[in-house]
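Chemist:
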Amino acid sequence: MEATISPSTAMLVGRAVGLLVVIALARFFYRLHQVRTFVRRFHKEHDLEWVPHSYLLGHLIETGKIMARFPRDMYPLCIATLMLQKYPHLEKYGFIVLDAWPFTPPMIYVFDPDMSSQFTQVHSLPKSDDLKSEFRPLTQNKDLVTLDGQAWKFWRSVFNPGFSVKNLISLTPAFLEEIRLFSDRLRAAAKSGEVLKLEDHAVNLTIDVIGRSILGTRLHCQTRPNPLQWALAKQISWLIPEYTPPSLLKLINPGRPLLMWNYNRIIRNYLLPIIQEKVAAQAHGDSSGSTETKTVLSLAAKAYLAERPQKANTSRSAPVINEEFISMTIPQLVIFLFAGHDTTATTLCFAYNLLNRNPSTLAALRAEHDAVLGPNPADAESRIAANPQLLNALPYTAAVIKETLRLYPPAATVRQGQPSFELVHPATGRRFATAGFVVHQNSHATHHLPAVFPRPTEFLPERFLAAEGEPLHVRRNAFRPFELGPRGCIGQELAQLELRMILALTAREFDLEMVVPDGLPEVFREQGTYPVGNVTGHPFAGMPVRVKIRG
49 MEATISPSTA
59 MLVGRAVGLL
69 VVIALARFFY
79 RLHQVRTFVR
89 RFHKEHDLEW
99 VPHSYLLGHL
109 IETGKIMARF
119 PRDMYPLCIA
129 TLMLQKYPHL
139 EKYGFIVLDA
149 WPFTPPMIYV
159 FDPDMSSQFT
169 QVHSLPKSDD
179 LKSEFRPLTQ
189 NKDLVTLDGQ
199 AWKFWRSVFN
209 PGFSVKNLIS
219 LTPAFLEEIR
229 LFSDRLRAAA
239 KSGEVLKLED
249 HAVNLTIDVI
259 GRSILGTRLH
269 CQTRPNPLQW
279 ALAKQISWLI
289 PEYTPPSLLK
299 LINPGRPLLM
309 WNYNRIIRNY
319 LLPIIQEKVA
329 AQAHGDSSGS
339 TETKTVLSLA
349 AKAYLAERPQ
359 KANTSRSAPV
369 INEEFISMTI
379 PQLVIFLFAG
389 HDTTATTLCF
399 AYNLLNRNPS
409 TLAALRAEHD
419 AVLGPNPADA
429 ESRIAANPQL
439 LNALPYTAAV
449 IKETLRLYPP
459 AATVRQGQPS
469 FELVHPATGR
479 RFATAGFVVH
489 QNSHATHHLP
499 AVFPRPTEFL
509 PERFLAAEGE
519 PLHVRRNAFR
529 PFELGPRGCI
539 GQELAQLELR
549 MILALTAREF
559 DLEMVVPDGL
569 PEVFREQGTY
579 PVGNVTGHPF
589 AGMPVRVKIR
599 G
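Residue numbers (the working numbering): 49 to 599.
1. Whole angstroms is fine: what's the gap from residue 141's alpha carbon to residue 185's?
2. Would DSSP call residue 137 helix, strand or coil?
3. Enumerate in chain order the residues of its own chain whose CB-to-CB distance from residue 531 is below 8 angstroms, with the five nearest sequence positions on each side excluded.
4. Who are the near neighbours of residue 265 in its chain, counting only those whose CB is closer than 7 angstroms to its CB and skipping five residues on each side?
5. Along the beta strand (DSSP E) that carries residue 20, what are the first and last residues, could you check?
6. Would a C-beta distance cut-off of 8 angstroms place residue 584 and residue 393 closer than the cut-off?
7. DSSP three-state label for residue 57, please.
8. In the DSSP assignment, find the unbroken alpha helix (DSSP H) run with residue 543 in it and report its ends.
9. For residue 170 and residue 161, what's the separation of their Cα atoms in angstroms?
10. Should the stretch 188-206 be regarded as contacting the stretch 467-484, the criterion being three or more beta carbon pairs within less than 8 angstroms?
11. Enumerate, from N- to C-terminal direction, the unbroken beta strand (DSSP E) stretches of 3 or more residues contained entirely within the stretch 453-500.
12. Cβ of residue 218 within 8 angstroms of Cβ of residue 341?
13. Just reading off the alpha helix (DSSP H) that residue 398 is part of, what are its end residues?
14. Determine the direct distance from the alpha carbon of residue 388 to that of residue 358, and round the result to whole angstroms.
15. With a threshold of 7 angstroms (Cβ to nearest heavy atom), would residue 449 be considered close to the ligand PLP?
16. Work out the CA separation of residue 128 and residue 557 for me, nearest whole Å.
17. Would you mind stating whether residue 550 and residue 220 have Cβ atoms separated by less than 8 angstroms?
18. Going by the DSSP bridge assignment, what does residue 240 pair with across the sheet?
19. Using only the alpha-carbon positions, how far apart do residue 205 and residue 183 sit?
20. Have a look at residue 336 and residue 412 and give me their C-alpha separation to the nearest angstrom.
21. Is the stretch 391-406 touching the stretch 445-454 in the sense that three or more CB pairs, one from each, lie closer than 8 angstroms?
22. Can you tell me where the beta strand (DSSP E) with residue 560 in it begins and where it stops?
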């Protein structure tokens, strides 16, 4: 007998659903009222000039008008820069308020260098709740990026030795081995005449390099598919950095939880044997367990065994590793693998393109390499291998990398405002409450302020070599691609060393010219090279290039 639903039951269900919809709408509009009045009250209390603000849509109308003039996929970090271009008089405050709720919480975009230092260097505000929500599916917030307090301090102190200059220099032979494969790929592309999607190969290179420094093992991403790399890329693609319409579609996708669980399973299954091997090596005092060269994993293993001294070196059998250590170590490795390859690959792509478009800068870079590494590019690898300290004798190359990072900062820090913390304008002494806001250090806006970086859209590595008092001198607190203060990127020395090494081994042998599709708009005086993406900025279309071998 088929079950039937009586009319009275159907009516009750319909009323219940209707009531839930009414409650949801009431909560939505109540929260909307709270946010809009909060933002307006903030402007009124602090006597701030307004960016046009709608009670219903906040700043969404105004940001929509601004972004309509630019590609839809442009990296959101650029929004504050574009708002300042339209409303330059707001620069005097040192920040811009953006109300894009419900897509993001109310935000204070800080661009004044000294105000930025207040919540990152002088007093380090905790990471924002939204950032933690974004990375929770990837790391369960057990990573160095989202941890706060004593847990963060402990793990930062554990990992710091792995990122010392001395330790990174000791990894030079391993890095050279990976860069050699990248050079081979560029050489093959030059001979075949193919258009190369540069970002893909830069990513393969940088994740191979980060694998050597984080795990102490080869991932072989440049020569064959790697399940760790594949699962990590898929997992990142499902992250939700802000609640834009495309992100909302991901959020409500019923398959998302299962997919993310599966990607995490693949990552765990790949990393677990490596963890077990490295812990065993560390326990038995093997040199592969990092008595000389320290990796993130070997340092984690050392910290784990230090808490269990009775289990170390008692036999040649593998030590027992508890689940707590595994569940804490894998997220740390994952965030290092992600952050350590993604932004470095992006910066490399932008650097090649900027050098190609600025021949005099490229000539100066090559001249420095001739002077330091010898006139024959083929000798560069052996010279660096014999004396890695030569990489510290390339100031112009370092300046090229810094200027690339200034123009294309890959990410920014996002902190949670606190009732007890106020921003103070360095010139006027005016104080601004931060409670209820996400406080965003907008490095892109800072790096494009004419008052801070003269001729901001020009590619001028010389600014990072200018002495104090010279027009291009980079002032204190201004350059922030890795952020400053105690929460600054732990891997910034690794990234810059790696980039110096790659340019030193490729810039004199190859010319890389971007293939720009017809009809692309010019953004920040560059055509076709604007950053795209959500979690971090990436080159448009993966930066297609033609490679030529220099005569």
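We treat Cβ as the ideally placed atom computed from N, Cα and C, and that holds for glycine.
Note that the structure is a prediction, hence the values are computed from the model and not measured.
Modeler: Working from what's here:
1. 37 angstroms
2. helix
3. 168, 460, 461, 489, 491 and 537
4. 259 and 322
5. Outside the displayed range of the chain (49 to 599) lies residue 20, so it cannot be described from this structure.
6. no
7. helix
8. 540-554
9. 12 angstroms
10. no
11. 462-464, 470-472, 479-481 and 486-489
12. yes
13. 371-405
14. Since pLDDT at residue 358 reaches only 47, below the 50 mark, its modelled position is unreliable, and the value read off the structure follows with that caveat. Cα to Cα, residue 358 sits roughly 34 angstroms from residue 388.
15. Judged by which ligands are present, the structure shown has none, so any question about the ligand PLP falls away.
16. 39 angstroms
17. no
18. None, per the DSSP bridge assignment.
19. 22 angstroms
20. Legend: pLDDT at residue 336 = 46, less than 50; position of this residue unreliable, value from coordinates given subsequently. The alpha-carbon atoms of residue 336 and residue 412 are separated by roughly 41 angstroms.
21. yes
22. 558-562
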